[in-house]
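Participant: Keeping their order, the protein sequence lines are chains A and B. FYI, the working numbering numbers position 5 of the first sequence as 5, with every residue one higher than the one before it. Numbers in the working numbering are just positions in the second sequence, counted from 1, shifted up by 362.
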Amino acid sequence: MRVLAAMSGGVDSAVAAARMAEAGHDVTGVHLALSRNPQSYRSGARGCCTIEDSRDARRAADVIGIPFYVWDLAERFHADVVEDFVSEYAAGRTPNPCLRCNEKVKFSAVLERALALGFDAVATGHYAQIVDTPEGRELHRAVDPAKDQSYVLGVLTQQQLAHAFFPLGDTVKTEVREEAERRGLSVAAKPDSHDICFIADGNTAGFLSAQLGEAPGDIIDAQGNKLGEHQGAHGFTIGQRKGLRIGTPAADGKPRFVLDISPVDRTVTVGSREELAVAHLTASKPRWCGPAPTEELQVKAQLRAHGEEVAVTAQVDGDEVQVTFDQPTSAVAPGQAVVLYDGTRVIGSATIDTVERVTAAV
Amino acid sequence: MTASDRRTVYLDHAATTPMLPSAIEAMTYHLSRTGNASSLHGSGRCARRTVEESRESIAAALGAQPSEIVFTSGGTEADNLALKGLWWSRLAADPRRRRILLSGIEHHAVLDPAVWLGQHEHAEIEWLPVDELGRVRPDDVRRAVERDPESVSFITLMMANNEVGTLQPVAEVAAIAQEYGVPVHTDAVQAIGQVPVDFAELGVDAMTVSAHKLGGPYGIGALVVHKETQLTPILHGGGQERDVRSGTLDAPATAGFAVAAEHAVKHQADAASRLTELRDTLITGITGTVEGALLSGDPTDRLPGNAHLSFSDCEGDSLLLLLDARGIEVSTGSACNAGVAEPSHVLLAMGYDDQRARGSLRFTLGHTSTRADIDAVLENIGPVVERAKSAGLQNVGRNS
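1. Whose C-beta lies closer than 7 Å to the C-beta of Ala700(B) among residues of the same chain, with five residues either side of it excluded?
2. If you draw a straight line from the alpha carbon of Leu156(A) to that of Val258(A), how long is it in whole angstroms?
3. Where do the ends of the alpha helix (DSSP H) carrying His126(A) lie?
4. Contact between the stretch 464-483 of chain B and the stretch 439-450 of chain B is defined here as three or more beta-carbon pairs at a separation below 8 Å; is this criterion met?
5. Against chain A, does Ala700(B) count as a neighbour if the rule is that its beta carbon must be under 8 Å from one of theirs?
6. Please determine if the stretch 136-149 of chain A and the stretch 271-285 of chain A are in contact, where contact requires at least 3 C-beta pairs separated by less than 8 Å.
7. In whole angstroms, what is the alpha-carbon distance linking Asp501(B) and Gly436(B)?
8. Could you name the residues of the same chain whose beta carbon sits closer than 7 Å to that of Thr591(B), not counting the 5 residues immediately before and after it, in chain order?
9. Compile a chain-ordered list of the residues in the stretch 396-430 of chain B whose CB is closer than 7 Å to at least one CB of chain A.
10. Measure the Cβ-Cβ separation of Val187(A) and Gly9(A) and say whether it is below 8 Å.
11. Would DSSP call Tyr69(A) helix, strand or coil?
12. Bridge partners for Phe725(B) per DSSP, in chain order?
13. Please report the straight-line C-alpha distance between Leu424(B) and Phe561(B), rounded to a whole angstrom.
14. Taking three-plus beta-carbon pairs below 8 Å as touching, is the stretch 611-622 of chain B in contact with the stretch 713-724 of chain B?
15. Any beta-carbon of chain A closer than 8 Å to the one on Ala719(B)?
16. Can you name, in chain order, every residue of its own chain whose Cβ lies under 7 Å from the Cβ of Ser513(B), other than the five neighbours on each side?
17. Which of the three DSSP states, helix, strand or coil, is assigned to His78(A)?
18. Would you mind stating whether Leu244(A) and Leu297(A) have Cβ atoms separated by less than 8 Å?
19. Does any C-beta atom of chain B lie closer than 8 Å to the C-beta of Leu156(A)?
20. Could you give the DSSP three-state label for Ala365(B): helix, strand or coil?
21. Chain A partners of Gly754(B), CB-CB under 9 Å?
22. Evaluate contact between the stretch 593-605 of chain B and the stretch 628-639 of chain B, counting only Cβ atoms and requiring at least three cross-stretch pairs below 8 Å.
23. Considering only residues of the stretch 257-317 of chain A, which uninterrupted alpha helix (DSSP H) runs meet the minimum length of 4 residues and lie entirely inside it, listed in chain order?
24. Output the boundary residues of the beta strand (DSSP E) element that contains Pro328(A).
25. Measure from the C-beta of Ala17(A) to each C-beta in chain B and report whether the shortest distance is under 8 Å.
26. Could you tell me the distance, in whole angstroms, from the CA atom of Thr528(B) to the CA atom of Val708(B)?
27. If you follow the alpha helix (DSSP H) that Val507(B) is part of, which residue opens it and which one closes it?
28. Using 8 Å as the Cβ pair cut-off and three pairs as the minimum, do the stretch 643-656 of chain B and the stretch 608-615 of chain B touch?
29. Should Gly496(B) be labelled buried (16 or more other beta-carbon atoms within 10 Å of its own) or exposed?
30. Below 9 Å between beta carbons is the criterion; list the residues of the stretch 91-111 of chain A that meet it against any residue of chain B, in chain order.
31. CB Leu4(A) to CB Phe85(A), shorter than 8 Å?
32. Give the straight-line distance between the Cα atoms of Ala776(B) and Trp449(B), rounded to the nearest whole angstrom.
33. Cβ of Thr616(B) within 8 Å of Cβ of Ser416(B)?
34. When the Cα atoms are used, what is the spatial distance from Gly678(B) to Gln556(B)?
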């Protein structure tokens, strides 16, 4: 098979590409240049857009012995991921840019171009497993629970999965590093990437303030009492506890959490852990890895990257998904994806629109 | 067919051309000998003799005096030395000389030092227009100089454009400049061995040459500097090369350079007619069969080995990848930043729109090129362009 290996310059995608080549595929490495202004040197948080990352990817391709190119997807990435990220925050929602990048860039723009150029598939270093069954391909969690990335791949359709390879899904990270070392890949000891790749210093609030400007407003409680002020609602995420900077402590002395963000009147509502509890959510824009479910599902749901699984009942109604939690759960943020799992299998995902809290205060 | 049993069709001679066996032989012979050309003992004198004999050969091949050859680490350094060296020496003699005249199609090794002088030394950069074939018009140069001759620092104009291959009227420009005592630098990196180049006849003050573009080794080049032209040094140290360019001389490399330069100039006419024929077969073969393929630059007054074509509705990057997979090595002819292709500044200066500029390929032929290479391209280019078109244009069709 002719396989395009997306190589970020990190250890995972390097080992993934090496495994594909070793399996006998005709592999070509491609580094996706996603930043409009690539950083010359690593600055603070690990990203995937620096010139050094491009160089690391090239050196890995040399060691593996495969052709290597850089594809400039900066404009596309900016339009589909960065602008979406900013506008979602501006709307008081909490987006997941990695998921959007997989949906719109890696397994859309890149995959389409690869197929057009005569490649059969795209391979990445994501930790997830693809299982071939008579009914088609299934997406499953990786064997390494600490690294599992099936959540951010939950947007992939059967068509996209049909042309995807995740060669690391059956391996734990420590073994991947050992394998990189064994293969002579110099990125073996490179730190894991984390945070958001296009925010080099890791300061999301600062990035958003620079994009959206300051928009001061009130911090209130569920009863509408003003507790403090903020410099921009986009600096907050549902469930956030730290950095609220409220002068007066709560009457009960318990910590307070962000319950709701209302960009229109610029208010941020805070309350107790109990008030945060959610019984039900409505999500839209579903993406199914296989056929869309028609029956009511008794399944598990994951509500954010690296979040815990919770038991739910899900009902699909066209473009809407109703999810009821068996036990109330906290920190459910509109804008995030709800990914549904049947055991280790990903059923699909949808974007959270609204939540119903246990206490109907908000 | 696997990569190992496939013949590589190398058509990127403007990037670098294979070293001549005779140049490799000369260089490796001297690599096994010891001696710093600045040392006074026997070994030093031997190395010095190698350098000076090489200098004489290169000077003879280029129509210059041996003392006019200043060895550098290559074309980029020679260009930097020419621009910065002329700038400071001209300014020291007359503080009014602040205008640098150049066109937007120069190589980055010329463009960037000029822009740097603008940013750091308050040079006034004046861009000479180019026509749609990528040529500077002498009349435009005359107008620019005559507007205020006293304020011109220097003019720089390449002999032949490295991307589209168009030859430039350097001798005419030098004649105009001479009327006003304005020095002219020319980057002749692409021209040596392809077209006749005679430093004295050209009448320029400084000329850049690179060894690896004409069959010599990497890492060495020269700035040919007229004996009466003053240059302020930019590399200071041991005072080698007339005190203009310090640094221990690479005697083995000068030997390889000399053999290659002699050979390139001696066989220039034969090479030019052979390459022109091959090139025209390639051009007519592509433009005759591939819809939307257009030749860039001057159809006849161009480097014999250069065929630069633009293709509608596809990315040069895609074409390059697909040809590379078939063992055909060409260039998109564009500047690279971390391997990311930018639309060529040369094509944009010639009035190409962004899309045409991105859909371009540069085929450059050299001494190892054969008819079989051309046939391989003509056999593959049709399907490759079709496939590249289906992959479309980057950054187009968002959210498709």
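A virtual CB, placed ideally from N, CA and C, is assigned to each residue, including glycine.
Facilitator: In short, the structure shows the following:
1. Because Ala700(B) sits at a pLDDT of 47, beneath the cut-off of 50, its placement in the model cannot be relied upon, and the following sentence gives the value as read from the coordinates. None.
2. 31 Å
3. His126(A) -> no alpha helix (DSSP H), and no H or E assigned at all.
4. yes
5. A caution first: Ala700(B) carries a pLDDT of 47, below 50, which makes its placement in the model unreliable, though a value can still be read off. Output row for Ala700(B): interface = yes.
6. no
7. 32 Å
8. Pro545, Asp567 and Ala568
9. none
10. yes
11. strand
12. Ala669(B)
13. 6 Å
14. no
15. no
16. Arg458, Arg459, Arg460 and Arg461
17. helix
18. no
19. no
20. With a pLDDT of only 45 at Ala365(B), under 50, the local geometry of the prediction cannot be trusted, and the value read off the model is given with reservation. In the structure shown, Ala365(B) sits in a helix (DSSP, three-state: H, G or I).
21. Glu112, Arg113 and Ala116
22. no
23. 273-276
24. Glu320 to Thr329
25. no
26. 11 Å
27. Pro500 to Arg509
28. no
29. buried
30. Lys104, Ser108 and Ala109
31. no
32. No statement about residue 776(B) is possible, as the shown extent of chain B runs from 363 to 762 and does not include it.
33. yes
34. 26 Å
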